[in-house]
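Protein chains in written order, with the working numbering: chain S, 113 to 229; chain C, 1330 to 1439.
For each residue, glycine too, the CB sits at the ideal point set by N, CA and C.
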């Protein structure tokens, strides 16, 4: 298993540009999520999905869109990049989140480091 | 809203010491608590997951405990090694979301 993969590893954008961060998992996990990590702020949830076709907002969803057309993929779209979106983005997945026991274990991708100028 | 606090924010110890990292949370209605390790510039690696019905979990030199009623968890690291140097994060599992603490940065000196 490759686990959770993210592309690209690094990206530099100009203000106003759009892009998609890719996330894929090969563990047949239903639950997938996106976080951003900023110094002094910790990890904050952007969006999550409990299965194909189902998404919901997390703590900091503004400026980001997601969709989940397959179990394996969960892309994160930045519609019009802003300097405030400069961050490290992590994708995570698990079988479940609440009550599935050890299958609730969250697995993280290696991250995408995004800079918006 | 769930809030997770980790104390201390940073810790420096000599090799061989046993140490304890603390995590507290404000809402005891959790499903699980998970401890992670993060090396600089890397992603998060899961260390232990404790289900809400459990009191502790062990993996090698690591032991994590959970007191759900008091909103506390501890991560005990025995016989610390320089390779244990990293940031340790705890996260509580709610019904549909995970809430993270800001982490404890650990440095183990040879």
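Item to check | Three CB pairs or more closer than 8 Å across the region 191–206 of chain S and the region 1383–1401 of chain C | outcome: no
Checklist entry - Any idea if residue 138 of chain S is buried or exposed, counting beta-carbon neighbours within 10 angstroms, 16 or more meaning buried? => result Position 26 of the first chain, counted from the start, is the residue given in the question as residue 138 of chain S. Exposed is the call here.
Checklist entry - Leaving out five residues before and five after residue 231 of chain S in sequence, what residues of the same chain have Cβ atoms less than 8 Å from its Cβ? => result Outside the shown range of chain S (113 to 229) lies residue 231 of chain S, about which nothing can therefore be said.
Item to check | the region 168–185 of chain S / the region 1332–1349 of chain C touching (three or more Cβ pairs under 8 Å) | outcome: no
Item to check | 8 Å Cβ cut-off: residues of chain C touching residue 219 of chain S | outcome: Position 107 of the first chain holds residue 219 of chain S. Residues of chain C passing the Cβ test: 1375.
Item to check | Cβ-Cβ separation, residue 1391 of chain C to residue 216 of chain S (assumed contact under 8 Å), whole Å | outcome: As a first step, residue 216 of chain S must be located in the first chain, where it is residue number 104. As a first step, residue 1391 of chain C must be located in the second chain, where it is residue number 62. That belief does not hold up - the Cβ atoms of residue 216 of chain S and residue 1391 of chain C are roughly 18 Å apart, past 8 Å.
Checklist entry - If the cut is a Cβ gap below 8 Å, which residues of chain C does residue 214 of chain S touch? => result Here residue 214 of chain S refers to the residue found at position 102 of the first chain. Correct list: 1378, 1380.
Checklist entry - Does the region 1362–1369 of chain C touch the region 1405–1420 of chain C, meaning 3 or more C-beta pairs lie closer than 8 Å? => result Yes, since at least three Cβ pairs between the region 1405–1420 of chain C and the region 1362–1369 of chain C fall closer than 8 Å, the two stretches touch.
Next on the checklist: Nearest by alpha-carbon distance to residue 178 of chain S: which of S/144, S/229, S/128 is it?
Outcome noted: On the first chain, position 66 is the one that residue 178 of chain S refers to. Measuring from the Cα of residue 178 of chain S, the nearest candidate turns out to be S/144.
Next on the checklist: Against chain S, with Cβ distances strictly below 8 Å, would residue 1416 of chain C count as a contact?
Outcome noted: Here residue 1416 of chain C refers to the residue found at position 87 when the second chain is read from its first residue. No, no contact with chain S.
Checklist entry - Cα-Cα, which of C/1431, C/1432, C/1429, C/1410 is closest to residue 1440 of chain C? => result Residue 1440 of chain C cannot be examined here, being either before or after the span of chain C that is shown, 1330 to 1439.
Checklist entry - From what residue to what residue does the beta strand (DSSP E) around residue 1434 of chain C run? => result In the second chain, the residue the question calls residue 1434 of chain C occupies position 105. Residue 1434 of chain C -> beta strand (DSSP E) spans 1433–1438.
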